[in-house]
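Visitor: Sequence order for the protein chains is A, B, C and D.
Position 278 of the first sequence, counting from 1, maps to 277 under numbering that gives the first Met the number 0, and the rest follow consecutively.
Position 341 of the second sequence, counting from 1, maps to 340 under numbering that gives the first Met the number 0, and the rest follow consecutively.
Position 111 of the third sequence, counting from 1, maps to 110 under numbering that gives the first Met the number 0, and the rest follow consecutively.
Position 211 of the fourth sequence, counting from 1, maps to 210 under numbering that gives the first Met the number 0, and the rest follow consecutively.
In this text, a Cβ means the ideal position worked out from N, Cα and C, and glycines have one as well.
Nothing here was measured: the structure is a model prediction, and the numbers come from that model.
Quick one: the structure is below, questions incoming.
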Amino acid sequence: MPVDEIPMQRERAQTIFEKSKIGRRAGILPAAEVPEPPLEELIPARLLRAEPPRLPEVAEPEIVRHYNRLSRRNFDLDSGFYPLGSCTMKHNPRLNERVAALPGHARLHPAQDPRRAQGALELIWLLQESLAEICGLPHVSLQPSAGSHGELAGLLLTRAFHADRGEARTKVLAPDTSHGTNPASVTMAGYEIVKVATDERGGVEMDDLRAKVDDEVACLMLTNPNTLGLFDENIAEIASLIHAVGGTLYYDGANLNAVMGQSRPGDMGFDIVHVNLHKSFSQPHGGGGPGAGPIAVSERIEPFLPRPQVVRREGGNGSGPYFDLDHERPRSIGRLRGFQGNFGVFVRSYAYILSLGADGLAEASETAVLNANYLKARLAEGRAGKYLPVAFERHCMHEFVLSGKPMKRQLGIATLDLAKRLLDFGFHPPTVYFPLLVEEALMIEPTETETKESLDAFADAVEQILAEAEAGPEKAKEAPYTTPVRRLDEVKATRRPVVRQPL
Amino acid sequence: MPVDEIPMQRERAQTIFEKSKIGRRAGILPAAEVPEPPLEELIPARLLRAEPPRLPEVAEPEIVRHYNRLSRRNFDLDSGFYPLGSCTMKHNPRLNERVAALPGHARLHPAQDPRRAQGALELIWLLQESLAEICGLPHVSLQPSAGSHGELAGLLLTRAFHADRGEARTKVLAPDTSHGTNPASVTMAGYEIVKVATDERGGVEMDDLRAKVDDEVACLMLTNPNTLGLFDENIAEIASLIHAVGGTLYYDGANLNAVMGQSRPGDMGFDIVHVNLHKSFSQPHGGGGPGAGPIAVSERIEPFLPRPQVVRREGGNGSGPYFDLDHERPRSIGRLRGFQGNFGVFVRSYAYILSLGADGLAEASETAVLNANYLKARLAEGRAGKYLPVAFERHCMHEFVLSGKPMKRQLGIATLDLAKRLLDFGFHPPTVYFPLLVEEALMIEPTETETKESLDAFADAVEQILAEAEAGPEKAKEAPYTTPVRRLDEVKATRRPVVRQPL
Amino acid sequence: MSRYTSATPADRAEMLAAIGVGSTDDLFDQIPEPLRLGRPLALPAGISEAEVYERLAELAARNADADAQVCFLGAGMYDHYVPAIVDAITQRSEFLTPYTPYQPEISQGGLQAMFEFQTAISELTALPVSNAGLYEGPSSVASAAYLALGAGKGRRRFVVSRGLHPHSRETLATYCEGYDAAIAEVGLEDGVTDAAALAAAVDGETAAVFLQSPNFLGAIEDVEALGAAAKQHGALLVVAVDPMTLGVLRPPGECGADIALGEGQPLGNRLDFGGPSFGFFAGSEELLRKMPGRIAGETDDVDGRRGFVLALQTREQHIRREKATHNICTAQALNALAATIHLAWLGREGFRELGELLVRRTAYARERLAATPGVELLHEAPVAREFALRLAAPVDQVLERCAERGIAAGYPLGREYSEYEDGLLVAITERRSRQQIDDLAEALGAAIEAESGELVANSATKSPGGP
Amino acid sequence: MSRYTSATPADRAEMLAAIGVGSTDDLFDQIPEPLRLGRPLALPAGISEAEVYERLAELAARNADADAQVCFLGAGMYDHYVPAIVDAITQRSEFLTPYTPYQPEISQGGLQAMFEFQTAISELTALPVSNAGLYEGPSSVASAAYLALGAGKGRRRFVVSRGLHPHSRETLATYCEGYDAAIAEVGLEDGVTDAAALAAAVDGETAAVFLQSPNFLGAIEDVEALGAAAKQHGALLVVAVDPMTLGVLRPPGECGADIALGEGQPLGNRLDFGGPSFGFFAGSEELLRKMPGRIAGETDDVDGRRGFVLALQTREQHIRREKATHNICTAQALNALAATIHLAWLGREGFRELGELLVRRTAYARERLAATPGVELLHEAPVAREFALRLAAPVDQVLERCAERGIAAGYPLGREYSEYEDGLLVAITERRSRQQIDDLAEALGAAIEAESGELVANSATKSPGGP
Ligand SMILES: Cc1ncc(COP(=O)(O)O)c(C=O)c1O
Ligand SMILES: Cc1ncc(COP(=O)(O)O)c(C=O)c1O
């Protein structure tokens, strides 16, 4: 059968600006209804713009087609398995989109008088309470806009906490497996990052930790389970070491999906936790946001929480309790952003918590761990077991890390090649080359919402790709073949950056 | 470069029933909150079902993936050019979906007391008034659910009209170019269809018409412009011929998109018109509905309109006018369906009329005719002009018909082959093999919402396909190559029909 | 004015040149001058999207919808919860905007969805063949009659239970003018079809017998027993059913029905003031080639891939024209898809559980309301999700008082049944909580008590009506 | 409980067997017993979708949103009409559910959308390079400060106009604790930044000068003139702008700004009680490699097809870690897409027209309200879409009275500016009709008149507050 070029590939990329034609338009505006003097009569000419920005001129039907076709050039969670480690690509319920779109939520102005935003403030308060219970810490602020924002908040809280005690500490410890946002946040908060080694069980190297813990240490940042998908069994001892020198313990909650209703950061001894609502709590990732990174903290950190804080007050003269924005927080670190945070995200995550409830959340984590260990077991068989050994041989939590080192040495294909070849099989590849300490790392997080059939199909695909590679590395090295575009020249994009459409 | 199978084709069709696994589920229900006796205590066992229907057992994430992936196996108007003749595949504004979804519309129960559905009844009334003006006929009923339903309504109105005058006529005339629903409706209405020939200008053959007009003729059904996309210049004379013998003149409004604000069926002498809201008035087709087929009628037909009719009444004792359902219509033909018709469609079409307004509607028809004539001109050039002559050489209205006869004889590829090959170029083919009197017909309706660029690209594709065919017919005869499935065995589907998933 | 066109002045000039005319007006020359409108339509000028939205939001705000009122209205359409995924999927352009799948190679999504829908309906009704859907409920009844005429070699008579939805009976009567067929109606006894009268009414001229279960009064009919008469005289047995009850009620296919049909709205479709929804239509194997509407069938492509097409098109108007089994063309594909998704979401267990929930909450509500002073049962027949009451005060005024308390208490039977002027039909869905049912009882009781006194005064101020 | 999992008991058994453990509990053994929760979370049990919907609808109903009130609130977020296509497109799974585009071959949709967004922002601001978006407005200001520190070789001082949004100033202060940098604030004169004071405040230690135009009081700043001081001392000039005004106001890039940033909500994003929206961030060519956040760049694939990738990733935390230009990872891609679609929908002409409409309606409203007894202008500086008033009666009570008439009359400046206790900030969008503006004037006048009398009594009953 004669084959034509794959339709997607035949269609060359063209931006909406290139589809512009003078005189076309989509939206029109209401009539002014008021006097229409020349603008110069209202605003001095030197403050006015000579030429309008060269936005595209395209009619609505072509705008719709442009973005609909563009959308098909994305792989998405609603189309297939997306085991991107550390990203918790779990099902995004459409119910959450529906309730977030209710006018009472979506059309509420952020500066509305709290007395006329009681529903929104109560929802925020209810979500705060829910996250406090899940994290095992009494106080929550929903203000941070993402995990990294939560990290910065946590470090600024740490700084304020120490300053309040008249101390100026300089160092923040984090394991070498930590996510890039951790050290980046440390620097932004004005601290110096100190790396702690990882032991042969994949946990914190205790001797190295002991060696580095002193009273210059402001904080230890941990992810637990960590980015290897392993729970650090020494967490209790770690906590007491840090607390002994007066430091705070920060929990990077990106992996909370492993322990909801099973184990709580607060009970592990953490002082500050951030939660990625766009991971464990089903906010869709949107191709790179929006998300939200609420923080839960212990009593001693509470005084420093960002302003404003949503509080529940007892109503005066017999009227029931009501909800308010508390700006009077003298020791607060202040604002991290405008208004009350990513409220639309709060609505979705609160709907998710209501839907699952206590038992549902526990079952979600339990199944996430079951799925991960099952896939890990499947990938310990056959060729995968031979070429892609697991980095640390023990039960994992919600994700696990394989090493492509033998595959690279024996078959001549790198982790990147395997990832690209997986694209031809209709799977999103795992996270690759992270964590850094595992050579040719493949970090796999199936999540609880995948079927056994999906996990099996993925394992079979890996097996098949390795079989292809035994016959020769070319197939994988040239992959992908069936994607809208094939391997892209990333070096060129950085060497000679073109970051906008020339007009 | 080694090519893998096209992703879409690699993915074999599997129904949701085949994805079922015992014990899985998506939706759950609220608790009963009331006593829960065994059903047998409430309903006699012999009236109860032993085994529940074998519906699929699938969790929500897989349901979403199933239908999302399925959706990509459709070609749609928001993805590309869709010049399906007689179907008016014009842009479907998303605004219309938004307003139709407002709870006040979407969640209104059809049996609501008219005094508590004033907004809905007013909207219906406003749409009736708008269509009356557009059609040039004073009275409108929105009840029919589609064009064919409107046709049946029109013929039953005709029957009632004659019966009221003590006449029982037997024949309905329609040109040989008429759409299949016309004769089918005629039979359902208990009439005998009589075909009228088409003249060399593509209009009604007047001599044949004169020969067939007598007092047995209850009605003449016409589409004008007709299915050849040509306006019948003799319409005035035709009307007087029919009226002279006491028959009614029915206007099949499927092609109204050609004449909005330009010419009105009522002014042409028609008594009854149906309008396809899912064509000229932008209701999305939904892959085969829903639609709506309102009818506009003249004074003499009005007494027989379906029940109930939405009317505007002057309020008693000083209160303003209000809207009501009028069931008291003694000479009415009665109901054609339940409740008030496809209200959700009315909302969309009324929003469309509000958006365009008087000038916008006229401009839409003007541009539809311009686009059709331009594409016709483009296809009169080069190979298309040689192998695909236009059936009737004159200016067309909103669509035109080509004949693939020379192409078939000289290049050995049929209209069907051309259509299938167009699929590989990312175009929806025109309507094929209709109207019947044109051999190897290709009926092309670009609509007003297409860009010149789309029309040019389509003409270029036809040219390229014909060039391929000059080199040999195989390419087209085996097409398509890049679609999710290739040519399907339709004979098998009818010979040994499998119309449900075996379980 | 909002336009969705792209032709710029420059485009127009180029295109006119290519056509070889000076202006678009020349293209309209073929319309005789006297027939050109020659003036703008008498409609307002077009307005912006924001303004259209405001205008329609104002109209919508003047309707008491099922969010604004607690809704116990039924009579064929019910306030079920439509899962969010139904909207999310049906609003995808790929399902929303295509035409009827005439080109199967690029329409597999829609065609497979039809095939899945047919399978689901076949399962619900326990009949082997289903079409891909018709307009809605009542007109589907008329379509079944047309089929029966075709199948019934010359028989031109229909026997219809008075329990069949009034809109269905009226629609059938309308169509029968064209069918040149007669209708005999059989009354109700204690809420269900009078079996003796039915047996007496059916004869050798009868093409089909029409029943509905649960019938319009909510009563579950003994279809099998009633159907015997039809079988005996070789008439088709056509049964209209409420699809939401088929998780628990014996399906028509097991009761001897030749055709099962009904209003599909309860399955994944919103109320929409009555439409669009869809009608479902299933039948026995023998009727396959006589069915109205589209039918998707399974087949293979040239490479052996499984695929779906519109099967048995020779039944249809675009091929068979005046000899077609029906005139339907555009139907309700998207609404049928919504139903298919809703059914998959409920699943085998959920669908049965929903049926049970309806039956139990309905039993509770029926008992609770019947215990209210001034309220009694209109009939004692078993019910599934809807039931009929008699009120000791004028129904319209009672409804008005309940409405003022934010409750749409039910459907006044007097609208359609003169013999039940005092009748109220109450519908239950999973959205009607026990609390809401208790509130209804409270409101009904209060309204009846209030009305019992002041009948005269009240009805006086009512008469001409007005909003 | 609603679950989204698929593992049936049978699945679990098979999977556990393959893993080689007896129960999932064994898998949690790695968590030391004392750290296992060992009890259910103290949260309610899960409920059905229909119930969750009801619950959230009840909460939503207790908010006075911009449908329930006529909204003149602004202060950084504005009630613009979001075209229907924005929702339709951004709700498509293909845009809604992917992660950040780490695999460009299957993320061209998102990457090209970023590239188009960057182009649009670059056009609006008249600056050559834009990133793909940051969290929101105020935190973008703090990000600019971080960039300035990096670029400013040791300079640790910022000069900030008091016209910069209070949330931005407060956020900057919060971040500066970590930056170890000082902030000098420059006051306002007649509504605009005090030029002399600004000139005096900037010195050789100043890393950046922050202005906002229109500023928080709605006044348009003479950015070019004010910026001179920054240029003179080699400090970066950072200008926060309202994107909706850039169709008519001189863009920052033409006023000497090194960085232009702002709150993106007015572009295609709904109010959402303050988020999610996005922050935009554009700068001069030299700053490209110092920019925070994602940046999409154009390139080719191995076959020469045009494609897009995340460019300059060496700036970012996942590569550069502690030396990264910023810590941001998940940002606001979907919100930026909404803006891109909205801008394409408005188009070159529509965007300019919208700016003109805002300016003219605002001029009308400002004049109309200033003519109301008890109302005067807080400043006379030129404005674009928002303006400040002084009221002759306590602002809170006046607002309360307007609210009772269904009008959110504006933002009480006293909340953030003690010097403007009597100040009211009024915002205009294309959704605020002339009629609504006239109604506001009427309501304000009436409220002030009513209040002027009964100050004492009124404020007494007010104090503790409560809903
Ligand atoms: C372990 C870890 N920490 C922190 C983050 C940062 O979270 P966010 O992307 O929400 O800023 C991520 C997200 O990728 C992560 O995986
Ligand atoms: C000319 C013509 N008449 C009638 C019809 C039937 O309209 P509907 O599909 O709405 O029943 C059509 C639709 O294809 C048509 O093209």
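1) How far does the beta strand (DSSP E) with C175 of chain D in it extend, from its first residue to its last?
2) Whose CB is closer than 7 Å to a heavy atom of ligand 2? List the residues in chain order.
3) Please report the distance separating the alpha-carbon of A376 of chain A from that of E17 of chain B.
4) Any beta carbon from chain C within less than 8 Å of P527 of chain A's own beta carbon?
5) If you measure from the beta carbon of Y419 of chain C to each beta carbon in chain B, is any gap under 8 Å?
6) Does the segment 270–283 of chain C come into contact with the segment 107–119 of chain B, if we say contact requires no fewer than three beta-carbon pairs (one atom in each stretch) closer than 8 Å?
7) Taking E313 of chain B as part of the beta strand (DSSP E), name the residues at either end of that continuous run.
8) Run the CB neighbour count on T222 of chain A, radius 10 Å, all protein chains shown included, and call it buried at 16 or more, exposed below.
9) Could you work out which residues of chain A lie near P8 of chain C, taking near to mean beta carbons separated by less than 8 Å?
10) List the whole-angstrom C-beta distance separating H273 of chain B from P143 of chain B, where the pair is believed to meet the contact cut-off of C-beta under 8 Å.
11) Mind listing which residues of the segment 94–108 of chain A have their C-beta closer than 9 Å to chain C's C-betas, in chain order?
12) Between L304 of chain A and L130 of chain A, what straight-line distance do the alpha-carbon atoms span, to the nearest angstrom?
13) With burial defined as no fewer than 16 other Cβ atoms inside 10 Å of the residue's Cβ, what is the status of E438 of chain A: buried or exposed?
14) Have a look at Y145 of chain D and H325 of chain D and give me their C-alpha separation to the nearest angstrom.
15) What does the alpha-carbon distance come out to for the pair V394 of chain C and S212 of chain C?
16) Express the C-alpha separation of A145 of chain B and Y134 of chain C in angstroms, rounding to a whole number.
17) Sort A:R420, A:N341, A:A238 and A:A492 by Cα distance to L476 of chain A and report the nearest one.
18) Quick one: is G189 of chain A buried, meaning 16 or more other Cβ sit within 10 Å of its Cβ, or exposed?
19) Among A:G245, A:L240, A:E473 and A:P82, which has the Cα closest to the Cα of L441 of chain A?
20) Leaving out five residues on either side along the sequence, give the residues of the same chain with a beta carbon under 8 Å from the beta carbon of T173 of chain D.
21) Can a CB atom of chain B be found closer than 8 Å to the CB of E352 of chain D?
22) Spatial neighbours of V98 of chain B within its chain, please: CB distance less than 8 Å, with the 5 preceding and 5 following residues excluded, ordered by chain position.
23) Per DSSP, what kind of secondary structure is R433 of chain D in: helix, strand or coil?
24) How is M259 of chain A classed by DSSP in three states: helix, strand or coil?
25) What are the uninterrupted segments assigned as alpha helix (DSSP H) that are 4 or more residues long and contained completely in the segment 329–416 of chain C, given in chain order?
26) For L47 of chain B, which residues from the same chain have a beta carbon less than 8 Å from its beta carbon, with the 5 sequence-adjacent residues on both sides left out?
27) Which residues, in order along the segment 77–92 of chain D, keep a beta-carbon less than 8 Å from a beta-carbon of chain B?
28) For T4 of chain D and chain B, any beta-carbon pair shorter than 8 Å?
29) Specify, as a first and last residue, the run of the alpha helix (DSSP H) that T366 of chain B falls within.
Guide: Put simply:
1) C175 of chain D -> not in any beta strand (DSSP E); alpha helix (DSSP H) instead, spanning P165 to Y178.
2) Those residues are B:S85, B:C86, B:A145, B:G146, B:S147, B:H148, B:E150, B:H178, B:T180, B:N181, B:T222, B:T226, B:D251, B:A253, B:N254, B:N275, B:H277, B:G290, B:G292, C:I327, C:C328 and C:T329, given in chain order.
3) Distance from the CA of A376 of chain A to the CA of E17 of chain B, rounded to the nearest whole angstrom, comes to 27 Å.
4) Summary: the structure shown does not reach residue 527 of chain A, with chain A confined to residues 0 through 502, and so no result is reported for it.
5) No, its Cβ sits nowhere closer than 8 Å to a Cβ of chain B.
6) Output reads yes: the segment 107–119 of chain B touches the segment 270–283 of chain C.
7) No beta strand (DSSP E) holds E313 of chain B; DSSP gives it neither H nor E.
8) Classification for T222 of chain A: buried.
9) Result: G22.
10) Beta-carbon to beta-carbon, H273 of chain B and P143 of chain B are separated by about 7 Å, close enough to satisfy the 8 Å threshold.
11) Listed in sequence order: L94, N95, E96, R97 and V98.
12) Each residue's Cα considered, the two are about 15 Å apart.
13) With fewer than 16 other Cβ atoms inside 10 Å of its own Cβ, E438 of chain A counts as exposed.
14) Each residue's Cα considered, the two are about 8 Å apart.
15) As the crow flies, the alpha-carbon of V394 of chain C is around 25 Å from that of S212 of chain C.
16) Y134 of chain C and A145 of chain B have their alpha carbons spaced roughly 8 Å apart.
17) For clarity, residue 476 of chain A is Lys in the given sequence; the question names Leu instead. Checking every option, the nearest Cα to that of K476 of chain A belongs to A:R420.
18) It counts as buried.
19) Looking only at A:G245, A:L240, A:E473 and A:P82, the smallest Cα-Cα distance to L441 of chain A is reached by A:P82.
20) A141.
21) Not one beta carbon of chain B lies nearer than 8 Å to the beta carbon of E352 of chain D.
22) Around V98 of chain B, the same chain offers H104, V346, R347 and A350 as residues with beta carbons nearer than 8 Å, after the five sequence neighbours per side are excluded.
23) Here R433 of chain D sits in helix by DSSP.
24) Secondary structure at M259 of chain A: coil, using DSSP grouped into helix, strand and coil.
25) For the segment 329–416 of chain C, whole alpha helix (DSSP H) runs of length 4 or above, ordered along the chain, are 332–369 and 394–403.
26) Correct list, in chain order: L38 and E39.
27) So the list reads P82, A83, I84, D86, A87 and S92, given in the order they occur along the chain.
28) At least one chain B Cβ lies under 8 Å of T4 of chain D.
29) T366 of chain B -> alpha helix (DSSP H) spans F342 to R377.
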